[in-house]
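Each remark here refers to the structure printed beneath this line.
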Amino acid sequence: MAEYVRQMPSAASDLARRPAISERFHIDFPLLFLLLALTVYGLAVLYSASGQRLGAVIRQAEYFLVAYAVMLAAAQVSVQRYRRWAPIIYLGGLALLVAVLVFGVGAKGAQRWLSIGGFRFQPSELMKLAMPLMLSWYLAARILPPRLINILAALVLIGVPAALIVRQPDLGTALLVSASGLIVLFMAGIRWRFIFGALVLAVLSAWPAWVYLLHDYQRQRILTLLSPERDKLGSGWNIIQSKTAIGSGGWSGKGWLNGTQSQLDFLPESHTDFIIAVLAEEFGLRGVILLLAIYLLIFVRGFWIGMHAQDSFSRLVAAALTLTFFIYVFVNMGMVSGLLPVVGVPLPLVSAGGTSVVTLMAGFGILMAISTERRLVIQ
Amino acid sequence: MAPAVALKDPYLESRVYGTRTVFVLVIAMVLMGILMARYFSLQITQYETYRTESDRNRVQLQSLPPKRGLIFDRNGVLLAENRPSFVLSLVLERVPDLANTLAALGELVEISESDLEKFETRSRRRRPYEAVPLHFRLSEEERALLAVNRYRLPGVVVDAQLIRHYPQGELFSHALGYVGRINEEEQRQLDEVDYRGTNHIGKIGVEKYYEDQLLGQVGYQNVETNALGRVLRVLERTDPQPGADLTLSLDVAVQQAAFTALEGRRGAVVAMDPGNGELIALVSTPGFDSNLFVNGISARDYSALREDLDLPLFNRAVQGQYPPGSTVKPIFGLAGLEYGLVTAETTIRDPGWYILPGEDRRFRDWTLRVRGTGHGNAVDLHQAIEESCDVYFYDLAYRMGIDRLHEFTAPFGLGTATGLDTTNERGGILPSSRWKRTARGEVWFPGETLNVGIGQGYMLATPVQLAVATSVLASRGRRYTPHLLRAVDGEPVKVPTASVVEANEANWQVIHAAMHAVFHGERGSARAVGRGSAFTMAGKSGTAQVIGIAQDEEYDAEALEERYRDHGLFVAFAPYEDPQIVVSVVVENGGGGSTVAAPIAREVMEQYLMNQQQELADRG
C-alpha cells in the first residue's frame, strides 16, 4: 500500500486526511435537508387535507421518525455489503411475494399484505428496493453494455416478481417495480436497437394485454381517464373533482385550510393519493412549483451521487433509485391532473401512509451509503 | 477483430453511464415540463373555468318549509297561528371550541339540560354547515345580549322561525290538539320529501287529523354559499305552498260559555247543530296550555300535567266513557213505543222498587232513597221521562229484552265511535247478549237488562256520542256524522248526508213532549233550570253511579268522598219547536244531573241562540 500511495500523492492525501463528518456518519447533507424540507411541506398539506385533524399529522410524523431512522441505518451499511446481499434480498422478496398470494390479507378485492403478529407488511414494497439491487448486482458483474443473453436473463429477473405482483393484483406497483429494473438495464447501456425492438413488440402485444391481462377495474380506470365526463358521479368523479381543485387554485391558491374542494369534502382520497390537488388548490401554482423544485433538486442530487459513484454497481443502484423516485412523482402528479390513468401511486413523502415512506427513505439511505463511501480512486 | 474473451472496461462503462444519464436527464426535464405545462394549463389558462366549477360545487339546494295552515272558529276568530320565534343555533364547523362556546352562551341565555341533550342528538344527524338549534323562544333581552356578544361567539346564529301558537290557550287545548317537534318514530313513518325543512307535526286532535291539509308543500331554492357555508345569494327558487287554512264549526263564545260554566270541575260539554252535525263547542276541563308542547314540553311541566289527579291531558269529550244514566231513557221509551210494548197511555205502578218475576232482588228507584216512595200508582211514559222514573224503564227494558234494546239504540250512534274528525275517539259500549259472549265470555242475565234500561250496568257512552244520539231525537230521526271542519281555505266542505232512523211521527212527538216537560213541566226534574228561560228547551238528566251502592245501604252524598260521588249528566236541545242546538254535559262527581249539569246545558244553548238572534237582528 505504501508503495502505491507514494506513487499517487494526491490519493495519499485523500486517504490520510480525517474523514469528513458526512463520511463518518454516512450522511449526505444536501439530500437530508431536501428531504426534511419536503417532510415539513408535506405535513403542512396533510394537516389541511386530513380535515385539520392533528392526530393524522402526528401519526404521519411518527412514520417519518421511523423512516428517518431506517434511512440513517441503511446509510451505515457499506455498498459492498449491499452488493453481496442483493441476491439474497431479492430471493427473500420473491419468497414473500409467493407467500402473499398464498397467505395474504386482502383489502378492496386485492391481496397485498402479509400479516405477521398483527403487523401488516407489503412485500411488493421490499421488491422496489430489491429489484434495482439485484439487477445492478447481476449486470455490474457482466461486460457492459450487456449482451443479448444477459438482457434476456435480466428480463426474467424483472418479469418473475412483476408477474407475482400483477397477480395480487396491483398493476401500479408491478409497473413501478418493472420500471426500476428496466432503468438499470437502460443505464447499463443496453443498445438502442434492443430498445426499439422492445418498443415495437410492446405496441404489438398491447391489444392482447388489454383483453387478457388487465382486470376490469384497471380497464375502467383507463377508459375513465379518456373521458371522465362519461360517468360524472361514478368513476369519473375523482378526476373531475381533483382537476377542479387544482384549476380553481390559480396562481396563488385559496390559502392554507381554505380549499373549498378539499375542506367541503368534494375531493376524495384527499389525504392519500390525491393530496397534490389539496396542495394545488390551497397554495396555487406557486406551491406546485415549490414542490416540483424540491423534487427536482432531490432528483439532481441523486444523479450527482450516481455520477460520482465509484463502480458500476453503485452507479446503477443510484440511478435506479433516483429514477424510480422521479417516476413516482410524475405518475402521481400526472394522474391527479388527468394526464395519466389513476393507478394508485402515492405522492412520494407527501401522501399519508407508512409503508411507502419507509421504503422510499430506505432507498435514500442506500443512496447516502453510496454518496458517502470513502473514495479510493480520484475522480 | 473482436477479442476472444471480452474484458470489463470501466472507462467505457463510465462513459456509457454518463451519456445515458444525460439522456435520462433530458427526458426527465421534458416530463417535468409536461407536468408544469399541465398544471399551468389547469391553474392559469383554465383558471376561470375551474373556479366556476368549484363554485358550482358550493351551490346548495335548500328546502323552504311551508307555512302551516291557520285554524279559525266559525266566525273567523284565530285559534291557531304561526308566530316568529327567535332560535339560537350553532354552525359547528365555525365554532372553534364547542365547550367554551356553550359555557359562554350559558351565561347569556338560560340553557337547560334537555336543551343540551336535544342539541347533541340533532348535531349527530346534521348536514355539513347546517345550523343546529340549541334554544328556542329567545326573549328580547337574550337577543340583545347575544347581539352584543356576537364578536366573541363565532358560529352562533340567531334567526327567526315560524312557530305554532295557540292564542286561545287552554280554552281550545282539547278541541284543537297541538303540534310538536317530529320525533324519531314519526321521522321513520313520514314522507321525507314532504317534511324537508319542517320540524313540527300535528300530534293530536284536529292538528293531527288534518295534518295533510295543514302542512302545505315544501319549496326549494338554490343558494350559493361561501367557503364557510354561508348563503351569499339565491340563484333559483320554487316557493313553498302554504298549508290550507281551516275554518272549524266551533264558536269561541259558546266554547267560552261552556268552559266558564265548567270552571273548577272535571267534565265535558259537547254542543252540536242537529241540522248538519257541526260541533259548536267541544270542551273538556281541566285543559292545559297547548303552547307548552310546541317546542318540546319540559320534563317538569309534563310530569306536573301527567301526575295531576284531574287528568288535564285526558280529553273527556271524546275519550271519556261514562254510564249515560237516565239520559238515554227517551230513546228506550221511543223503542217501547215502536216495538208496541207500551203506548203513551200505558201506566205502571211504582212502589219505589221493582222485583223480577221469580226473584227476590229489589231494583230500587232513585226516589226511594230521596223520599222513601216511588213515583205513584199510575206512571205513564210522559211522567216516567219527566220525573225520570226508574221502575217504568226496568219494566220496559225487561219486556223488551237486551237484544231488541240494542238493535233499536245502535242507529242512534251509541256503541261505536261517531267518526268525529279528531284523534283518540272512543266508542263506548252498547251491550247485547252477543257483546257479552264475545267480550266477557258469559251469558246475559235478565237482571243486567234492567240496569241497562236506566243507562247503567255495562253501558258506556262518550259525551260526543250522547250529543249525536240526542240530535237524532231532536231532528226526529236524522243522524249526521259529527264534524269540526267547516271550510278549507274558505271553501265550505260538503255536509255529509244524514242516515235516517225511522219512527212513527206521533211517537217522536210523545218523546219530545216528555223531554220538554223535563224543563217546563210541573214535575220536570230540571224545572228549576227551565224557569225564566228565554227559549223553550227539552232535555233529560242523568246520574251515573261511580261506585256500586249495595241494595240496602244509604247513599249520603255529603259524607262521600268527592271522587266517589255520582257523575251528573244532561242532554238537551233548543228551541223545542225547531231545534238549533243539541248539548250534552258531563260533570264528573258532580252529583245529580238536573242540579249540576242542566244549568250548564242551558247556559251553552242560550249563549248560542242569543248570538244567533243578535246576528239575525243585525242583518235585519
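Residue numbers (the working numbering), protein chains in the order written: chain A, 765 to 1143; chain B, 55 to 674. Even glycine gets a Cβ: it sits at the ideal position worked out from N, Cα and C.
task: At 8 Å on the CB atoms, spell out the chain B contacts of A/I1010, in chain order.
output: Taking the beta carbon of A/I1010 as reference, the chain B residues within 8 Å of it are Y93, L96, Q97, Y104, listed in sequence order.
- prompt: Which residues mark the beginning and the end of the beta strand (DSSP E) in which A/S1090 is found?
  reply: Checking the displayed sequence, the identity of residue 1090 of chain A turns out to be Phe instead of Ser. Segment 1076-1100 is the alpha helix (DSSP H) holding A/F1090; no beta strand (DSSP E) there.
query: Under 9 Å Cβ-Cβ, which residues of chain A neighbour B/L146?
result: The contacting residues do not exist; B/L146 stays about 13 Å from chain A at best.
Distance, A/T1036 Cα to B/P208 Cα: So the two alpha carbons sit approximately 31 Å from each other.
field: 8 Å Cβ cutoff, B/K62 in contact with chain A
entry: With 8 Å as the cut-off, B/K62 counts as an interface residue toward chain A.
message: When you compare the CB positions of B/E261 and B/S303, do they come within less than 8 Å of one another, or not?
response: B/S303 is positioned such that its CB atom lies no closer than 8 Å to that of B/E261.
For B/P633, three-class secondary structure by DSSP: Three-state DSSP puts B/P633 in coil, outside helix and strand.
message: Let's test the definition: count the other Cβ atoms within 10 Å of the Cβ of B/A493 and tell me whether it reaches 16, buried, or not, exposed.
response: By the 10 Å Cβ count, B/A493 comes out exposed.
- prompt: Using the beta-carbon of each residue, which ones in chain B are nearer than 7 Å to A/W974?
  reply: The premise fails here: A/W974 is roughly 24 Å from chain B at the closest Cβ pair, so nothing lies under 7 Å.
Presumed contact (8 Å Cβ cut-off) between B/Y232 and B/G259, rounded CB distance: Indeed, because the Cβ distance is near 7 Å, the residues count as touching under 8 Å.
- prompt: Just reading off the beta strand (DSSP E) that B/Q215 is part of, what are its end residues?
  reply: Secondary structure note for B/Q215: its beta strand (DSSP E) is the uninterrupted segment 210-219.
- prompt: In chain order, what residues of the same chain have a beta carbon less than 6 Å from the beta carbon of A/I922, not counting five sequence neighbours either side?
  reply: Beyond the five residues adjoining it in sequence on each side, A/I922 comes within less than 6 Å, by CB distance, of S942, G945 in the same chain, given in chain order.
- prompt: Mapping DSSP to helix, strand and coil, what is B/L623?
  reply: Residue state, collapsed to three classes: strand.
field: Opposing strand residues paired with B/M326 [DSSP bridges]
entry: B/L333, B/V636, per the DSSP bridge assignment.
- prompt: Using 8 Å as the threshold, is the region 1106-1115 of chain A in touch with the region 794-806 of chain A, meaning 3 or more CB pairs across them?
  reply: When C-beta atoms of the region 1106-1115 of chain A are compared with those of the region 794-806 of chain A, three or more pairs fall below 8 Å, so the two segments count as touching.
field: Euclidean distance between Cα positions of A/W1015 and A/F1047
entry: Put simply, the backbone Cα of A/W1015 is about 8 Å away from that of A/F1047.
message: Using the Cβ count rule (16 or more neighbours within 10 Å means buried), how would you classify A/I1134?
response: By the beta-carbon neighbour count (other beta carbons within 10 angstroms, threshold 16), A/I1134 is buried.
query: When you check each C-beta in the region 1104-1127 of chain A against every C-beta of chain B, which residues fall closer than 9 Å?
result: From the region 1104-1127 of chain A, no residue has a Cβ closer than 9 Å to chain B.
message: Suppose contacts are defined by Cβ-Cβ distances below 8 Å. Is A/V843 in contact with A/S1078 by that definition?
response: Cβ atoms of A/V843 and A/S1078: closer than 8 Å.
field: Beta-carbon neighbours of A/A1044, restricted to chain B and to distances below 9 Å
entry: Y93, L96, Q97, listed in chain order.
- request: Quick one: list the residues of chain B neighbouring A/A1083, beta-carbon separation under 9 Å, in chain order.
  value: The contacting residues are Y71, R74, T75, V78.
- prompt: Can you tell which of B/M86, B/V396, B/L146 has its C-alpha closest to the C-alpha of A/L1054?
  reply: Ranked by Cα distance from A/L1054, the options B/M86, B/V396, B/L146 are led by B/M86.
message: I'd like the list of long-range same chain contacts for B/D514, defined as Cβ closer than 7 Å, with 5 residues on each side in sequence excluded.
response: The displayed chain sequence assigns Leu, not Asp, to residue 514 of chain B. Excluding sequence neighbours, B/L514 sits near Q375, Y376, P377, G482, I483.
task: Indicate the three-state DSSP secondary structure (helix, strand or coil) for A/D980 in the structure shown.
output: Looking at A/D980 - three-state DSSP - the assignment turns out to be helix.
query: Using the beta-carbon of each residue, which ones in chain B are nearer than 9 Å to A/W1015?
result: For A/W1015, the neighbours in chain B by C-beta distance under 9 Å run, in chain order, Q97, I98, Y101.
query: Rounded to a whole number of angstroms, what is the C-alpha to C-alpha distance between A/K1018 and B/T73?
result: Just so you know, the alpha carbons of A/K1018 and B/T73 end up roughly 43 Å apart.
- request: Could you work out which residues of chain A lie near B/A153, taking near to mean beta carbons separated by less than 9 Å?
  value: Under the 9 Å cutoff, chain A gives no residues; its nearest Cβ is about 17 Å from B/A153.
- prompt: Given that a residue counts as buried once 16 or more other Cβ atoms are within 10 Å of its Cβ, and exposed if not, what is A/L997?
  reply: In this predicted model, A/L997 has a pLDDT of only 47, less than 50, meaning its place in the structure is not dependable; the value taken from the coordinates is given anyway. When all chains shown are included, A/L997 counts as exposed.
field: Bridge-paired residues (DSSP) for B/P138
entry: The secondary-structure analysis by DSSP pairs B/P138 across a beta bridge with B/L216.
- prompt: At least one CB of chain A closer than 8 Å to the CB of B/L85: is that the case?
  reply: Answer yes: the Cβ-Cβ gap between B/L85 and chain A drops below 8 Å somewhere.
query: Hey, how far is the Cα of A/S1120 from the Cα of B/R250?
result: Taking the straight line from one Cα to the other gives about 46 Å.
message: If we define contact as Cβ-Cβ less than 8 Å, is A/S1026 a contact residue for chain B?
response: Using a CB distance cut-off of 8 Å, A/S1026 does not count as an interface residue toward chain B.
message: Here's the rule I'm using: 16 or more other beta-carbon atoms within 10 Å means buried, otherwise exposed. How should B/K172 be labelled?
response: So B/K172 ends up on the buried side.
message: If you measure between the beta carbons of B/A311 and B/E657, is that distance less than 8 Å?
response: Taking 8 Å as the Cβ cut-off, B/A311 and B/E657 qualify as a contacting pair.
task: Compute the beta-carbon to beta-carbon distance between A/F885 and A/L878, rounded to the nearest angstrom, for a pair I have assumed lies under 8 Å.
output: A/F885 to A/L878, Cβ: 5 Å. Contact.
query: Just curious, the beta strand (DSSP E) that B/I686 is in, first and last residue?
result: The structure shown does not extend to residue 686 of chain B, since chain B is modelled only from 55 through 674, so no value can be given for it.
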